[in-house]
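Accompanying notes for the structure given below.
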Ligand code: CA
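Numbering (my numbering), first residue to last: 74 to 298.
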């Protein structure tokens, strides 16, 4: 693959370049956000490895500007911070995935493969319910045009409900899809997350998320009255 690495720390950049070249990839390095942005616009890459903390134009701004310019090259963001809001900002900006420093080269290579595969398929369509809108491509969620800041877990939960809009989703299948089969998560945890999600989503009338007693939850379009 042709890979653009945007990273200002020389040692890190050299390490990434060497590791990726050993895997047979072509690597171009950029040391600032501005340089990375210009190079990404000027030539075609299979994937961009983008550090968030860069002098001048930071990684989030680079990703956002590339997406605004209709550049859909898959972006794997490197972040030193791992608080959910930082990750959400990164993903909102159009990054396809992120990796928190420090990481192993093995994990980086696996993520790159996944991200570049995903980039080859067409961007998925937006999911809507009433005035609620979720864009899987940018991972932006909004209600009546206002962006909702969801954690990755809340996002997954809402995406599941949206994909099943108008259908009741059981707590069990929520656990399976959001936390995975072997998780220790209980139905109580689902309720806690659902409460958090509702606080963020149900900021205005009409109500969209409904409890299906003894079963689970359902997201549905407001009924005409
Ligand atoms: Ca940096």
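Even glycine gets a Cβ: it sits at the ideal position worked out from N, Cα and C.
query: Please look up how many angstroms separate the CB atoms of residue 101 and residue 112, rounded, as I've assumed it's under 8 Å.; result: 6 Å
query: Residue 140: which of 209, 199 and 168 sits nearest, CA to CA?; result: 168
query: Given that a residue counts as buried once 16 or more other Cβ atoms are within 10 Å of its Cβ, and exposed if not, what is residue 137?; result: buried
query: Suppose only complete runs of 3+ residues qualify. What are the beta strand (DSSP E) ranges in the stretch 235-285, listed by chain order?; result: 282-285
query: Taking the alpha-carbon positions, what's the residue 194 to residue 258 distance?; result: Confidence at residue 194 is low in this model, with a pLDDT of 48, below 50, so its placement is unreliable and the value that follows should be read with caution. Each residue's alpha carbon lies about 32 Å from the other.
query: Just jot down, in chain order, the residues whose CB lies closer than 7 Å to any heavy atom of ligand 1.; result: 80, 81, 82, 124, 126 and 127
query: Figure out for me which residue from 178, 144, 166 and 81 has the closest Cα to the Cα of residue 94.; result: 178
query: Cβ of residue 251 within 8 Å of Cβ of residue 233?; result: yes
query: Quick one, which of 171, 148, 226 and 161 has its alpha-carbon nearest residue 267's?; result: 226
query: Among the candidates 76, 249, 231 and 254, whose CA atom is the shortest distance from the CA of residue 283?; result: 231
query: Helix, strand or coil for residue 169, going by three-state DSSP, please let me know.; result: coil
query: Could you check what DSSP says for residue 193 in three-state terms: helix, strand or coil?; result: With a pLDDT of 47 at residue 193, under the threshold of 50, the predicted position of this residue should be treated as unreliable, though the coordinate-derived value follows. Helix.
query: Would residue 135 pass as a contact of residue 152 if the rule is Cβ separation under 8 Å?; result: no
query: Could you tell me which residues DSSP pairs with residue 208 in its beta bridges?; result: 213
query: Return helix, strand or coil for residue 126, following the three-state DSSP convention.; result: coil
query: Determine the DSSP secondary structure at residue 84, reduced to helix, strand or coil.; result: helix
query: Our contact map puts residue 273 next to residue 223 with C-beta atoms below 8 Å; I'd like the distance itself, whole angstroms only.; result: 6 Å
query: According to DSSP, what are the bridge partners of residue 183?; result: In DSSP, residue 183 forms no bridge with anything.
query: With 16 other CB atoms within 10 Å as the buried threshold, where does residue 295 fall?; result: exposed
query: Consult DSSP for residue 219 and reduce its assignment to one of helix, strand or coil.; result: strand
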